[in-house]
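Q:
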Amino acid sequence: MQNRMMITGAGSGLGREIALRWAREGWQLALADVNEAGLKETLVLVSQAGGQGFVQRCDVRDYSQLTALAQACEEKFGGIDVIVNNAGVAAGGFFAELSLEDWEWQLSINLMGVVKGCKAFLPMLERSKGRIINIASMAALMQGPAMSNYNVAKAGVLALSESLLIELRQQEVAVHVVCPSFFQTNLLDSFRGPTPAMKAQVGKLLESSPITAADIAEYIYQQVAQGQFLILPHEQGREAWTLKQRNPQLIYDEMAVMAEKMRAKAKPVV
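Counting from 3, one number per residue, gives the positions in the sequence shown under our numbering.
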């Protein structure tokens, strides 16, 4: 019976809610994050929800920390059944304003962190015939303006997930990729971008979302149980993706108009 799960970015937000959803089913959870205080809080909540587990500080940019986490799962749980590569950071800014350091920071966490997570845990998953759940974003499918480094990182997570889906079928390792739209989260705590106006605009989007991280965790739980590969928790996101598949040019034109509006708002008033 599968009941051992590892989650990165488990110290808050969606990672914490995923931990709590699976904890209610009595799972053993390996909780990882750079935020140790948040991790301890998550572990307390997990215990109250009926799960158990351990916490370990882990920076997903450092492969040795991920292999150490895999080793801890081996020692404490005797293996792992599901990994959730959820750790991520927010970013924004028009391409011309983004520095190469902004790009490297974004890709090192949001894309390479997922690659390294899959790499570190794959031998264990092949043994348990387990599953990989990668958290991407609607940005992987829709590529909104003024977030090119975030879009590219998340599109990379989607492409990685598609690659693993077809490569690992023979090994009986299941793969899922989740593409949430904006939701109420603390993602802005890590926001990095060239203009404060950009952060404020993203903040408004997050606040206006009626869907919570707990709602998304529940949706993921149900969709994983049904064996769904591409998991789109937001109804608007599903509609937008259907529209883009039918008429991509319409979406590009709409995004270009949005970019113009964002530029106008970001300009200082003289």
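Each residue gets a CB set at the ideal place from its N, CA and C atoms; glycine is no exception.
(1) Beta-carbon separation of residue 21 and residue 62 under 8 Å?
(2) Would you call the CB atoms of residue 82 and residue 6 closer than 8 Å?
(3) Helix, strand or coil, according to DSSP, for residue 151 in the structure here?
(4) Drop a sphere of 10 angstroms on the beta-carbon of residue 64, count the other beta-carbons inside from all chains shown, and report buried for 16 or more, exposed for fewer.
(5) Go to residue 124, then tell me how far its alpha helix (DSSP H) extends in each direction, as first and last residue.
(6) Roughly how many angstroms separate the alpha carbons of residue 205 and residue 269, rounded to a whole number?
(7) Among 15, 245, 164 and 8, which has the Cα closest to the Cα of residue 144?
(8) Using 8 Å for Cβ pairs, my map puts residue 31 next to residue 24. What's the rounded Cβ distance?
(9) Classify residue 219 as buried or exposed, calling it buried when 16 or more other Cβ atoms lie within 10 Å of its own Cβ.
(10) Report the rounded CA-to-CA distance for residue 121 versus residue 238, giving the unit in angstroms.
(11) Between residue 51 and residue 35, is the Cβ-Cβ spacing less than 8 Å?
(12) Which of helix, strand or coil does DSSP assign to residue 175?
(13) From this set, 98, 179 and 252, which residue's C-alpha is nearest residue 265's C-alpha?
(14) With a CB to CB cut of under 6 Å and the five nearest residues on each side skipped, what residues in its chain are close to residue 4?
(15) By DSSP, does residue 79 sit in helix, in strand, or in coil?
(16) Specify the secondary structure class of residue 264 as computed by DSSP and reduced to three states.
(17) Specify the secondary structure class of residue 204 as computed by DSSP and reduced to three states.
(18) So who's on the other strand from residue 137, going by DSSP bridges?
(19) Count the other CB atoms, across all protein chains shown, that sit within 10 Å of the CB of residue 255; report buried if there are 16 or more and exposed otherwise.
(20) Residue 104 and residue 115 look like a contact to me (Cβ under 8 Å); what is the Cβ gap, rounded to whole Å?
(21) If we call anything under 8 Å between Cβ atoms a contact, is residue 215 one with residue 16?
A: The structure says:
(1) no
(2) yes
(3) The answer is helix: DSSP assigns residue 151 an H, G or I state.
(4) exposed
(5) That run of the alpha helix (DSSP H) goes 114–130.
(6) Unreliable placement is indicated for residue 205, whose pLDDT of 45 sits below 50; the coordinate value is still reported in the next sentence. If I take the Cα positions, the gap works out to 18 Å.
(7) 245
(8) 7 Å between Cβ atoms; contact.
(9) buried
(10) 33 Å
(11) Cβ atoms of residue 51 and residue 35: not closer than 8 Å.
(12) Here residue 175 carries a coil assignment [DSSP, helix/strand/coil].
(13) 98
(14) Taken in chain order, the residues that qualify are 83.
(15) helix
(16) helix
(17) Here residue 204 scores only 46 on pLDDT, less than 50, and its place in the model is too uncertain to base an answer on.
(18) Residue pairing of residue 137 in beta bridges, as defined by DSSP: 180.
(19) exposed
(20) Not confirmed; about 16 Å, so no contact.
(21) yes
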